[in-house]
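Residues in the sequence shown are numbered from 72 upward in steps of one, following this note's numbering. Note that the Cβ used here is the ideal one computed from N, Cα and C, for glycine as well. Some notes on the structure that comes next.
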Amino acid sequence: MPAIGSAVVCRGLTRRFGSIVAVDNVDLEVRSGETLGLLGRNGAGKTTLIKMLTTLLPPSSGHAQIAGFDLVRHPASVRRAIGYVPQALSADGDLTGFENLLIFARLYDLPAREQRPRIAAALAFMDLSEDADRLVKHYSGGMIRRLEIAQSTLHRPQVLFLDEPTVGLDPLARDAVWEQLKRLRSELKTTIVLATHHLEEAELLCERLAILNQGHISAIGAPPELRAGLGAGTTLEDVFAHYTGAAHDVHDGIAAAYRQRRTAERLG
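Structure follows, in structure tokens:
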């Protein structure tokens with residue numbers, strides 16, 4: 072039985088593409104108001120899992136509930152209860168920020184009298200009010216990401232799914248997105264499921280991490296718990312390498328890149 076207050080519940084969720092099993096018998100619960108990080112190497116199944124939970128891909132077997140709605144039997148109700156920010160930037164560059172949000176307000180079927188106040192509030196929350204009438208093609212990457220998060224939360228979803236939301240962003244833009252995600256969690260109590268390759272992002276934003284390896288969850292827990300499980304002095308890079316089956320040289324490469332990135336960010 073799912074725990075009381077669970078926003079996402081998966082039982083045996085599986086997705087096959089022919090003979091390839093992309094997501095393999097996943098059992099997972101995400102508590103209401105929690106931010107859960109999905110970690111894994113490329114091809115581990117993170118994006119496929121998110122696409123199933125956002126109704127973009129049907130599961131091959133198993134079942135899931137999102138905000139209390141069955142994923143397969145009530146997909147329209149699931150879509151009304153969630154927001155989704157994909158990997159690729161998706162805002163229309165030939166429209167203004169306000170116009171992009173207006174399209175989403177209509178897609179979400181918000182009452183006409185609520186659309187402009189809701190858009191204004193979303194722009195203010197994401198620190199985009201002064202840029203509402205600028206064409207999005209003149210926005211920075213970080214501004215576009217914040218606009219897309221505003222789009223995905225206009226209807227005040229119970230669960231927000233984000234797939235690599237800061238990939239390709241410079242450190243300042245990434246930090247701005249992080250701050251807005253923390254505000255969503257603290258002020259609106261939004262449940263967030265975040266797929267990321269960025270270990271610092273995962274540790275900063277997520278109460279728990281689920282590490283995927285070859286389509287199944289190989290470990291789940293709070294970052295301190297996962298580190299403690301492997302002994303004193305263990306880093307999150309060590310945890311990642313251990314549970315994803317990374318070879319020692321792959322782990323060394325991940326750790327070195329991680330250290331170099333953090334050094335570059337400290338130096339500006």
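Within the same chain, and ignoring the five residues on either side of residue 119 in sequence, the residues whose Cβ sits closer than 6 Å to its Cβ are 86, 93, 94. Of all alpha-carbon atoms in 298, 134, 232, 187, the one lying nearest the alpha-carbon of residue 125 is that of 232.
The segment 246-256 and the segment 163-170 do not touch, with fewer than 3 CB-CB distances between them shorter than 8 Å. Look at residue 244 here: in three-state DSSP terms it is helix. In its chain, beyond the 5 residues on either side, 282, 314 have a beta carbon closer than 6 Å to the beta carbon of residue 289.
For residue 310, the enclosing alpha helix (DSSP H) covers residues 307-315. In the displayed model, residue 198 falls within coil according to three-state DSSP, outside both helix and strand. Annotation: the continuous alpha helix (DSSP H) that includes residue 173 extends over 168-178. Residue 140 is a Cβ neighbour of residue 148, given a cutoff of 8 Å. Around residue 106, the same chain offers 256, 263, 265, 276, 277, 278 as residues with beta carbons nearer than 7 Å, after the five sequence neighbours per side are excluded.
In this structure, 229 is the residue among 229, 239, 308 with its C-alpha nearest to the C-alpha of residue 103. Taking residue 150 as the centre and dropping the five residues before and after it, the same chain places the C-beta of 126 closer than 7 Å to its C-beta, in chain order. Here residue 148 carries a helix assignment [DSSP, helix/strand/coil]. Around the C-beta of residue 116, 16 or more other C-beta atoms lie within 10 Å, and the residue is accordingly described as buried.
Boundaries of the alpha helix (DSSP H) harbouring residue 222: 212-223, taken from the DSSP string. Apart from sequence neighbours up to five positions away, the residues of its chain that approach residue 99 with a beta-carbon distance below 6 Å are 81, ordered along the chain. Annotation: the continuous beta strand (DSSP E) that includes residue 86 extends over 77-88.
CA-CA distance, residue 186 to residue 91, rounds to 44 Å. Only residues of its own chain outside the window of five on either side were considered, and among them 84, 86, 94, 129, 130, 135, 142 have a CB closer than 8 Å to the CB of residue 123, listed in chain order.
Its Cα nearest to that of residue 160, the residue 218 stands out among 218, 112, 172, 298. Residues 167, 169 of the same chain have their beta carbon placed closer than 7 Å to that of residue 204, with the five preceding and five following residues left out of the count. A direct Cα-Cα distance of roughly 44 Å separates residue 174 from residue 316.
In the DSSP assignment, residue 257 is bridged to no other residue.
Look at residue 285 here: in three-state DSSP terms it is coil, with no helix or strand label.
Taking C-beta separations shorter than 6 Å and ignoring five residues to either side along the sequence, the partners of residue 286 in its chain run 92, 93, 94, 95, 116, following chain order. Its chain contains 179 as the residues whose beta carbon lies nearer than 6 Å to that of residue 226, once the 5 sequence neighbours on both sides are disregarded; these appear in chain order.
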